[in-house]
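Below is one structure, written out as structure tokens; comments come after it.
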Amino acid sequence: MTQVISKSDLMVWLGRLTESHRLIAPVDEAGTTLFQRVSRVEDIALDFTNTVLSPKEWFFPPTETLFSVEKKDGGIELVPNEGVEENVIFGVRPCDALGIALLDKPFLNEPADALYGRHRDKTTLIGLSCREARPECFCTSMGTAPDDPANVDVLLTEVADGYIVDAVTDKGKAILPQDLLKESDVTAPPPPSMATVPVEGIEDAMSQSFDDPYWERLADRCLHCKLCAYVCPICYCFDVRDYNDKGTVQRVRSWESCQSSGFTTIAGGYDRRAGKGPHLRQRFGHKLLYFPREFGSPACTGCGRCVKVCPVNIDVREVIGDVQGLGGTSGQ
Amino acid sequence: MAPELVQQIRDKARELLTSGAVDCVIGYGRATDGVTARPLFVYEPEKVDELIFDETCTHNLVGYLVNRKGKKTGIVVKPCDSRAINVLLNEGQISRDDVSIIGVVCDGVVETGWNRVGEAQQARCQYCHQHTPVVYDFLIGEPREESPPSAEDYAAVAEMEAKSPEEREAFWAEQFDRCCRCYACRQVCPACYCTECFVDKLDPMWVGIRVAPEENRIWHTIRAYHLAGRCSGCNECERVCPVNIPLSLLNRKMARDVEDLFGFQAGLDDKEMQPLGAFEKDEKLGIGE
Numbered sequence: 000m001t002q003v004i005s006k007s008d009l010m011v012w013l014g015r016l017t018e019s020h021r022l023i024a025p026v027d028e029a030g031t032t033l034f035q036r037v038s039r040v041e042d043i044a045l046d047f048t049n050t051v052l053s054p055k056e057w058f059f060p061p062t063e064t065l066f067s068v069e070k071k072d073g074g075i076e077l078v079p080n081e082g083v084e085e086n087v088i089f090g091v092r093p094c095d096a097l098g099i100a101l102l103d104k105p106f107l108n109e110p111a112d113a114l115y116g117r118h119r120d121k122t123t124l125i126g127l128s129c130r131e132a133r134p135e136c137f138c139t140s141m142g143t144a145p146d147d148p149a150n151v152d153v154l155l156t157e158v159a160d161g162y163i164v165d166a167v168t169d170k171g172k173a174i175l176p177q178d179l180l181k182e183s184d185v186t187a188p189p190p191p192s193m194a195t196v197p198v199e200g201i202e203d204a205m206s207q208s209f210d211d212p213y214w215e216r217l218a219d220r221c222l223h224c225k226l227c228a229y230v231c232p233i234c235y236c237f238d239v240r241d242y243n244d245k246g247t248v249q250r251v252r253s254w255e256s257c258q259s260s261g262f263t264t265i266a267g268g269y270d271r272r273a274g275k276g277p278h279l280r281q282r283f284g285h286k287l288l289y290f291p292r293e294f295g296s297p298a299c300t301g302c303g304r305c306v307k308v309c310p311v312n313i314d315v316r317e318v319i320g321d322v323q324g325l326g327g328t329s330g331q
Numbered sequence: 000m001a002p003e004l005v006q007q008i009r010d011k012a013r014e015l016l017t018s019g020a021v022d023c024v025i026g027y028g029r030a031t032d033g034v035t036a037r038p039l040f041v042y043e044p045e046k047v048d049e050l051i052f053d054e055t056c057t058h059n060l061v062g063y064l065v066n067r068k069g070k071k072t073g074i075v076v077k078p079c080d081s082r083a084i085n086v087l088l089n090e091g092q093i094s095r096d097d098v099s100i101i102g103v104v105c106d107g108v109v110e111t112g113w114n115r116v117g118e119a120q121q122a123r124c125q126y127c128h129q130h131t132p133v134v135y136d137f138l139i140g141e142p143r144e145e146s147p148p149s150a151e152d153y154a155a156v157a158e159m160e161a162k163s164p165e166e167r168e169a170f171w172a173e174q175f176d177r178c179c180r181c182y183a184c185r186q187v188c189p190a191c192y193c194t195e196c197f198v199d200k201l202d203p204m205w206v207g208i209r210v211a212p213e214e215n216r217i218w219h220t221i222r223a224y225h226l227a228g229r230c231s232g233c234n235e236c237e238r239v240c241p242v243n244i245p246l247s248l249l250n251r252k253m254a255r256d257v258e259d260l261f262g263f264q265a266g267l268d269d270k271e272m273q274p275l276g277a278f279e280k281d282e283k284l285g286i287g288e
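As given, the protein sequences belong to chains V and S, one line each in that order. Position 121, counted from 1, in the first sequence is what numbering that gives the first Met the number 0 calls 120; the numbers after and before it change by one each time, with no gaps. Position 17, counted from 1, in the second sequence is what numbering that gives the first Met the number 0 calls 16; the numbers after and before it change by one each time, with no gaps.
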């Protein structure tokens with residue numbers, strides 16, 4: 000037996016969550032679907048494949064004040080940003096949930112990023128299994144699946160007239176609406192299938208292709224915008240600035256990307272990733288070689304967002320295949 | 000496009016590469032979705048058959064020429080793209096001798112996205128009256144008699160102008176609020192070739208790094224002004240925007256104002272300096288009069 004919730008009761012539950020928590024859910028806006036704060040459940044987009052930006056923005060926001068420095072009693076006081084609310088994010092796809100679990104590695108390994116940690120502690124994830132795979136999806140090659148409950152607190156799987164409710168963690172159990180759940184013998188439909196990407200051995204292939212002219216040729220076409228990094232559920236580069244406003248200084252971090260011209264430029268002007276090729280290689284190197292070496296798995300979930308948004312079709316699936324085929328011709 | 004015209008592009012590319020006139024031809028190839036196009040850099044004559052041309056070839060490839068300064072390059076351009084070549088020539092960014100231009104007579108391109116080819120022509124093509132490139136070395140297709148401009152061309156801009164300042168402000172605040180500052184609009188723009196953009200300047204920091212309404216607004220407003228009289232209307236910025244900000248409304252408003260005030264359209268030739276980059280001795284500035 001499994002627990003199910005009807006479609007109309009799901010709306011009742013989500014309505015309750017808007018009162019007890021800050022509810023974040025997919026919302027259609029100007030032809031795009033984005034995770035946004037919702038106060039009316041009617042605004043929630045249920046019929047979506049995935050959002051343009053991943054839910055990472057609710058843990059690692061595009062811009063966030065780390066702390067402020069204020070004048071007080073003839074001295075100064077350092078005030079940390081404590082303003083983190085109790086969130087429930089509804090509609091997290093398994094690939095994006097894996098993305099959050101992977102983000103934990105750099106952010107929560109000691110010394111942990113306190114602000115990220117607070118967002119993480121105060122957020123409950125309601126996952127939604129995928130009933131269809133998009134042409135750019137390849138999550139099954141990256142260690143997750145369209146119906147993977149591994150990285151969410153509650154997983155909902157759509158069935159004929161409702162959703163199977165799978166409470167994965169205690170945090171998830173705590174928000175379940177027991178009065179709205181019913182026992183049922185309904186079974187989940189088979190998850191959608193998708194093409195596989197040859198990731199086996201990619202670390203070695205990346206390492207061996209470091210000096211291959213392939214990267215310059217690939218970078219010919221790259222615009223070096225930051226789209227791939229910003230839509231990526233894992234990319235976590237940021238930049239920091241101080242803002243001075245009438246005697247109060249705020250230290251702010253904002254998203255950045257390895258594709259920025261100044262990414263690895265150091266004092267004196269030396270740039271160890273200078274040029275288009277090394278810049279673009281850095282993106283794939285980080286995902287497929289440096290991150291796995293450091294944390295044990297690739298920094299990619301197969302969500303396919305970068306494939307979808309790239310204005311010039313730099314397709315990570317194609318890159319993985321190409322690099323596997325280079326055969327270590329770098330001669331390093 | 001008729002297969003024989005695509006073959007002409009391939010033949011010309013092969014000839015340019017084989018003769019050594021250029022060491023690279025920039026054109027269009029098929030994307031990994033199998034249905035749309037992507038930029039293709041061809042270095043070897045035996046690879047010219049990967050070149051395609053059809054109604055999905057929306058990209059303006061001209062910006063890539065700035066990356067290849069001083070290198071002999073062949074390039075496939077549509078009429079709108081060809082105007083950007085004139086802008087870059089006029090501003091001294093590329094040398095005419097380095098570029099071999101394969102101009103394509105164009106009937107318009109369609110709305111495309113990843114794995115998606117729309118039926119409808121892009122809006123920019125519906126108000127475009129340039130079917131033959133303004134600059135080329137080789138022309139693919141028969142030159143066309145150009146249709147005259149229509150009062151309808153700027154209907155969307157006029158509709159925006161008819162709104163009150165408060166309505167306009169509210170409209171743009173909502174649009175810019177979605178901006179995630181990915182700068183795809185800048186990176187894809189052939190006229191945005193500054194080695195250091197004002198927005199990346201650290202000292203002084205002209206515009207902050209915050210993804211926040213005021214800073215987003217400054218970014219888009221200054222960029223629009225920088226493109227006044229320089230934007231050739233390829234609309235790539237709007238195409239690549241992940242959150243659908245209607246940048247064409249800003250750029251076309253600038254283009255029309257420059258046309259009304261100075262009788263100038265960007266990139267129609269490479270001789271006349273764009274009005275905001277030129278200064279006439281007897282020019283009235285409208286200050287203190």
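Even for Gly, the Cβ is constructed at its ideal location relative to N, Cα and C.
**Message:** As a quick exercise: from S:Ile93, S:Gly28 and S:Tyr182, pick the residue whose alpha carbon is nearest that of V:His223.
**Reply:** Start at 1 with the first residue of the first sequence, and residue 223 of chain V comes out as number 224. For V:His223, the closest alpha carbon among the candidates S:Ile93, S:Gly28 and S:Tyr182 is that of S:Tyr182.
**Request:** For S:Asn243, return the contacting residues in chain V, with the cut-off set at a CB-CB distance below 7 angstroms.
**Result:** The count along the second sequence starts at 1 and reaches residue 243 of chain S at position 244. Within chain V, the residues near S:Asn243 are Ala29, Gly30 and Thr31.
**Item:** Backbone CA spacing between V:Asn86 and V:Asp120 [nearest angstrom]
**Value:** As a first step, residue 86 of chain V must be located in the first sequence, where it is residue number 87. As a first step, residue 120 of chain V must be located in the first sequence, where it is residue number 121. Straight across, the Cα-Cα distance linking V:Asn86 with V:Asp120 is about 9 angstroms.
**Asked** Taking 7 angstroms as the CB-CB limit, is S:Trp113 close to chain V?
**Response** Position 114 of the second sequence, counted from the start, is the residue given in the question as residue 113 of chain S. Judged by the 7 angstroms Cβ criterion, S:Trp113 is in contact with chain V.
**Message:** Whole angstroms are fine: how far does the CA of V:Glu76 sit from the CA of S:Lys71?
**Reply:** Taking the first residue of the second sequence as position 1, residue 71 of chain S is located at position 72. Taking the first residue of the first sequence as position 1, residue 76 of chain V is located at position 77. Using only the alpha carbons, I get a separation of about 60 angstroms.
**Request:** Give the DSSP-derived three-state secondary structure of V:Ser208 in the structure shown.
**Result:** Counting from one through the first sequence, the residue named residue 208 of chain V turns up at place 209. Residue state, collapsed to three classes: coil.
**Message:** Run through chain V and tell me which residues come within less than 7 angstroms of S:Asp32, C-beta to C-beta.
**Reply:** The residue given as residue 32 of chain S occupies position 33 in the second sequence. Correct list: Pro134.
**Element boundaries [alpha helix (DSSP H), containing S:Asn168]** = Residue numbering aside, residue 168 of chain S sits at position 169 when the second sequence is read from its first letter. The sequence given here has Glu at residue 168 of chain S, not Asn. Note, S:Glu168: alpha helix (DSSP H), Pro164 to Asp176.
**Prompt:** Given a threshold of 16 other Cβ atoms within 10 Å of its Cβ, counted over all protein chains shown, does V:Phe290 qualify as buried or as exposed?
**Reply:** Along the first sequence, one-based indexing puts residue 290 of chain V at 291. Buried is the call here.
**Item:** Secondary structure of V:Ser7, DSSP reduced to three states
**Value:** Start at 1 with the first residue of the first sequence, and residue 7 of chain V comes out as number 8. Note: V:Ser7 maps to helix in three-state DSSP.
**Request:** Buried or exposed for V:Tyr235, please, with buried defined as at least 16 other CB atoms from any protein chain shown within 10 angstroms of its CB.
**Result:** Counted from its first residue, the first sequence places residue 235 of chain V at position 236. Counting of Cβ neighbours within 10 angstroms places V:Tyr235 among the buried residues, the total reaching 16 or more.
**Asked** Can you name the start and end residues of the beta strand (DSSP E) that V:Thr32 belongs to?
**Response** Residue mapping note: residue 32 of chain V aligns to position 33 of the first sequence, counting from 1. Looking at the DSSP string, the run of the beta strand (DSSP E) that includes V:Thr32 is Thr31 to Arg36.
**Prompt:** So, S:Ile101 versus S:Phe52, is the Cβ gap smaller than 7 angstroms?
**Reply:** As a first step, residue 101 of chain S is located in the second sequence; it is residue number 102 there, counting from the start. As a first step, residue 52 of chain S is located in the second sequence; it is residue number 53 there, counting from the start. For S:Ile101 and S:Phe52, no; Cβs fall outside 7 angstroms.
**Asked** For the candidate residues V:Asp147, V:Arg36 and V:Asp203, whose alpha-carbon lies nearest to that of V:Glu84?
**Response** The count along the first sequence starts at 1 and reaches residue 84 of chain V at position 85. Comparing Cα-Cα distances from V:Glu84 to each of V:Asp147, V:Arg36 and V:Asp203, the minimum goes to V:Arg36.
**Message:** Check whether chain S comes within 7 angstroms of V:Asp219, counting only Cβ atoms and requiring the distance to be less than that.
**Reply:** Translated into positions along the first sequence, residue 219 of chain V becomes position 220. Taking Cβ atoms only, chain S reaches closer than 7 angstroms to V:Asp219, which makes this a yes.
**Prompt:** Should V:Asp178 go down as buried or exposed, given a rule of 16 or more other Cβ atoms within 10 Å for buried?
**Reply:** Counted from its first residue, the first sequence places residue 178 of chain V at position 179. Classified as exposed, V:Asp178 has fewer than 16 neighbouring CB atoms from the shown chains inside 10 Å of its CB.
**Message:** Going residue by residue through the stretch 201–260 of chain V, where are the continuous beta strand (DSSP E) segments of at least 3 residues, counting only ones entirely within it?
**Reply:** Listed in chain order, they are 237–244 and 247–254.
**Request:** Please list the partners that V:Glu41 has in chain S, where partner means a Cβ-to-Cβ separation under 9 angstroms.
**Result:** Here residue 41 of chain V refers to the residue found at position 42 of the first sequence. Simply none; closest approach about 20 angstroms.
**Distance, V:Ser53 Cα to V:Leu107 Cα** = Here the question's residue 107 of chain V lines up with position 108 in the first sequence. Here the question's residue 53 of chain V lines up with position 54 in the first sequence. Each residue's alpha carbon lies about 19 angstroms from the other.
**Message:** Whole angstroms are fine: how far does the CA of V:Ser5 sit from the CA of V:Val167?
**Reply:** In the first sequence, the residue the question calls residue 167 of chain V occupies position 168. In the first sequence, the residue the question calls residue 5 of chain V occupies position 6. Each residue's Cα considered, the two are about 19 angstroms apart.
**Request:** Tell me where the beta strand (DSSP E) around V:Phe390 begins and ends.
**Result:** Since the first residue of chain V shown is 0 and the last is 331, residue 390 of chain V is not available in this structure.
**Asked** Do you know how far the Cα of V:Pro310 is from the Cα of V:Val51?
**Response** The count along the first sequence starts at 1 and reaches residue 51 of chain V at position 52. The count along the first sequence starts at 1 and reaches residue 310 of chain V at position 311. Answer to the nearest angstrom: the Cα atoms are 14 angstroms apart.
**Asked** If V:Pro232 sits next to V:Gly98, beta carbons under 8 angstroms apart, how far is it from one beta carbon to the other, in whole angstroms?
**Response** Walking along the first sequence from the start, residue 232 of chain V turns up at place 233. Walking along the first sequence from the start, residue 98 of chain V turns up at place 99. The C-beta separation of V:Pro232 from V:Gly98 comes to about 3 angstroms, placing the pair in contact by the 8 angstroms criterion.
**Prompt:** Which of helix, strand or coil does DSSP assign to V:Cys299?
**Reply:** Position 300 of the first sequence, counting from 1, holds the residue named residue 299 of chain V. DSSP, read as helix, strand or coil, puts V:Cys299 in coil.
**Request:** Kindly indicate if chain S contains any beta-carbon less than 7 angstroms away from that of V:Glu317.
**Result:** Along the first sequence, read from residue 1 onward, the residue named residue 317 of chain V stands at position 318. At least one chain S Cβ lies under 7 angstroms of V:Glu317.
**Message:** I want to know whether the stretch 216–235 of chain S touches the stretch 252–264 of chain S - three or more CB-CB distances under 8 angstroms.
**Reply:** Contact holds between the stretch 216–235 of chain S and the stretch 252–264 of chain S, because three or more Cβ pairs, one in each stretch, are under 8 angstroms apart.
**Request:** Give the range of the beta strand (DSSP E) segment to which V:Asp146 is assigned.
**Result:** Walking along the first sequence from the start, residue 146 of chain V turns up at place 147. Segment: none, V:Asp146 is in no beta strand (DSSP E) and carries neither H nor E.
**Message:** What does the alpha-carbon distance come out to for the pair S:Cys56 and V:Lys172?
**Reply:** To locate residue 56 of chain S, count along the second sequence from 1; it is residue 57. To locate residue 172 of chain V, count along the first sequence from 1; it is residue 173. Taken atom to atom, the span from the alpha-carbon of S:Cys56 to that of V:Lys172 is near 51 angstroms.
**Prompt:** Taking buried to mean at least 16 other C-beta atoms within 10 Å of its own C-beta, is S:Leu16 buried or exposed?
**Reply:** By 1-based counting over the second sequence, the position of residue 16 of chain S is 17. Burial check for S:Leu16: the Cβ neighbour count within 10 Å reaches 16 or more, so the residue is buried.
**Close-in-space but distant-in-sequence residues of the same chain around S:Gln174 (CB under 7 angstroms, 5 per side omitted)** = Indexing the second sequence from 1 puts residue 174 of chain S at position 175. Answer for S:Gln174: Ile244 and Pro245, listed in chain order.
**Item:** Residues of its chain near S:Trp290, where Cβ-Cβ distance is below 7 angstroms and the 5 sequence neighbours each way are ignored
**Value:** Past the boundaries of the shown model lies residue 290 of chain S; chain S is included only from 0 to 288, so the question cannot be answered.
**Request:** Kindly indicate the opening and closing residues of the beta strand (DSSP E) around S:Thr244.
**Result:** For this step, residue 244 of chain S is matched to residue 245 along the second sequence. Here residue 244 of chain S turns out to be Ile, not Thr, going by the sequence shown. The continuous stretches of beta strand (DSSP E) do not include S:Ile244, and DSSP gives it neither H nor E.
**Request:** Measuring alpha carbon to alpha carbon, tell me which of S:Leu248, S:Glu165 and S:Asn66 ends up nearest S:Glu158.
**Result:** Position 159 of the second sequence, counted from the start, is the residue given in the question as residue 158 of chain S. Relative to S:Glu158, the option among S:Leu248, S:Glu165 and S:Asn66 whose CA is nearest is S:Leu248.
**Prompt:** For V:Ala273 versus V:Ser256, is the C-beta distance shorter than 7 angstroms?
**Reply:** Locating residue 273 of chain V in the first sequence gives position 274, counting from the first residue. Locating residue 256 of chain V in the first sequence gives position 257, counting from the first residue. It is not a contact, given that the beta carbons lie outside the stated cut-off.
**Request:** Report buried or exposed for S:Phe278, applying the criterion of at least 16 other Cβ atoms within 10 angstroms of its Cβ.
**Result:** By 1-based counting over the second sequence, the position of residue 278 of chain S is 279. Classification for S:Phe278: exposed.
**Message:** Between which residues of its own chain and V:Val251 is the CB-CB distance below 8 angstroms, once the five residues before and five after are set aside?
**Reply:** Within the first sequence, numbered from 1, the residue matching residue 251 of chain V stands at position 252. Taking V:Val251 as the centre and dropping the five residues before and after it, the same chain places the C-beta of Thr62, Glu63, Thr64, Leu65, Val239, Arg240, Asp241 and Tyr242 closer than 8 angstroms to its C-beta, in chain order.
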